[in-house]
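The structure under discussion appears below in the form of structure tokens.
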Amino acid sequence: MTRDYLRIATEEAFAPKELFDMYRKVLQGPDPDPGFVSLFGFYMNSPSERAQHIMNCLSDLGPQRLQHMDDCGIDRQIMALTSPGVQIFDADTAVAFARVANDELAEAVRRHPTRYSGMIAVAPQRPAEAAKEIERGLQMGLTGVIINSHTQGEYLSDPKFWDIFAAAEAANTPIYLHPNTAPRNMIQPFLECGLDGAIYGFGVETGLHALRIITAGVFDRFPKLQMIIGHMGEALPFWAYRLDYMHEATVRSNRYLTVKALKKKPSDYLRENFYITNSGVAWEPAIKFSQQVLGADRVMYAMDYPYQHVKAEVDTLDAMAMDAADKKRFFQTNAENAFHLPKA
Ligand code: 1DF
Ligand code: MN
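Under our numbering, the residues of the sequence shown are numbered 262 to 605, in order.
Okay, structure coming up:
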């Protein structure tokens, strides 16, 4: 059977080699962030096959990555600087290195325009600089903005970051809110039982971040802004009913000064301002449920290379019992629409 869709993978990671030199300095510096120690202290030092494979794949933008894509049947990767990107650095370092990473990614996209796309890394530490880098990145042929959840414990629900939303909305390019390990004041109960990473902590913290953005009224202020969240929408589709009920009940009873009435229900913003990807979740029931909640034009494919580099998952997703048009939306056209890719 011939395939009538391209497979576009939308949450694929890369990292310039220099990033790891800088991460090593952070890890050796005073009082490093505990989540960061758990994450990159592991990947950069573990002799395990998984860690070595991931480290080896992250910095490669050449033949090996293309071969891995061919082996798995991935037509295009939409890449982003791996989490936590530059958000772990001081502001000056973060601004400077975001540019370095974007230059390297844009160069790879120019070399392989039919196989690679890339998102723009920004330093939320400097919102005005981030807005400028979004412009520069788009001019270099990148598309979409990658932000790895909180920045040293600060959330984009804080209006001091909203220049970034204004810039993304004005440029009509989406923001991918990717996970990070939880901040210092949240991570301990996750860390002590080994649930701080992609197994659970990532999703909880990023789901919280997305909800903070919604309930802060960001989409009433920036109604055209589009965001993307991975890992089956960090489980938010499953929460939608309860979020709507309890948000309304909370507003109605004036329980918190911080919880204000919104123009729409929380789930309306999920449907109208978010795309979700299935990164890390090759599971038909969750994908179909999310399509039911958000619409089949809002759920798209991601592999999460190299963190979840599994060819069998592609086969599983190909075999989903799903309307052929919806399957093409899932693998191809939703990504083309969300990231404004040239139509195949
Ligand atoms: C992991 C997973 C690491 C994902 C990631 O970036 C990441 C992991 C550092 O398994 O440690 O992007 N992920 O999105 O699931
Ligand atoms: Mn990821």
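Where is the CB? At the ideal position from N, CA and C, for every residue including glycine.
Taking a cut-off of 8 Å on C-beta distances, the stretch 405-419 touches the stretch 370-385, as three or more cross pairs fall below it. Residue 395 is classed as buried because its beta carbon has at least 16 other beta carbons within 10 Å across all chains shown. Residue state for residue 337 is assigned as strand, using DSSP reduced to three classes. Annotation note: the stretch 497-559 contains the following uninterrupted beta strand (DSSP E) runs of length 3 or greater, listed N- to C-terminal: 535-538. For the stretch 365-451, the continuous beta strand (DSSP E) assignments of 3+ residues that do not extend past its boundaries occur at 377-379, 406-408 and 436-438, in sequence order. Cβ contact annotation for residue 293 (same chain, cutoff 7 Å, sequence separation greater than five): 287, in chain order. In terms of Cβ geometry, residue 498 and residue 554 form a close pair [threshold 9 Å]. For residue 274, the distance from the CB to the nearest heavy atom of the ligand MN is below 8 Å. Counting C-beta pairs closer than 8 Å gives fewer than three between the stretch 512-521 and the stretch 561-578, which falls short of the contact rule. Residue 550 and residue 459 have their C-alpha atoms roughly 21 Å apart. In terms of side-chain proximity, the C-beta atom of residue 379 is found no nearer than 8 Å to any non-hydrogen atom of the ligand MN. For residue 541, the Cβ falls inside the 8 Å cut-off from some heavy atom of the ligand MN.
Residue 501 is a Cβ neighbour of residue 528, given a cutoff of 9 Å. Distance from the CA of residue 343 to the CA of residue 569, rounded to the nearest whole angstrom, comes to 13 Å. Residue 459 has no beta-bridge partner at all, per DSSP. By a beta-carbon distance limit of 8 Å, residue 421 contacts residue 388. Their separation comes to about 7 Å. When secondary structure is reduced to three states using DSSP, residue 271 falls in the strand class. From the listed residues 507, 538 and 537, the smallest Cα separation to residue 526 is found for 507.
Exposed is the label assigned to residue 314, since fewer than 16 other Cβ atoms lie within 10 Å of its Cβ.
According to the DSSP assignment, residue 315 belongs to the alpha helix (DSSP H) that extends over 310-319. Here the stretch 318-337 makes no contact with the stretch 467-484; the two share fewer than three CB pairs at distances below 8 Å.
Closest in C-alpha terms to residue 365, from the list 523, 393, 319 and 416, comes 319. In the pairwise beta carbon analysis, the stretch 294-314 is classified as touching the stretch 447-459: at least three pairs are separated by under 8 Å. If you draw a straight line from the Cα of residue 350 to the Cα of residue 582, it is about 45 Å long.
Counting other Cβ atoms within 10 Å of its Cβ, residue 466 reaches 16 or more and is therefore classed as buried. For residue 488, the enclosing beta strand (DSSP E) covers residues 488-490. C-alpha of residue 340 to C-alpha of residue 272: approximately 6 Å in a straight line. Spatial neighbours of residue 432 in its own chain (CB-CB distance under 8 Å, excluding positions within 5 residues in sequence) are listed in chain order as 395, 396 and 399.
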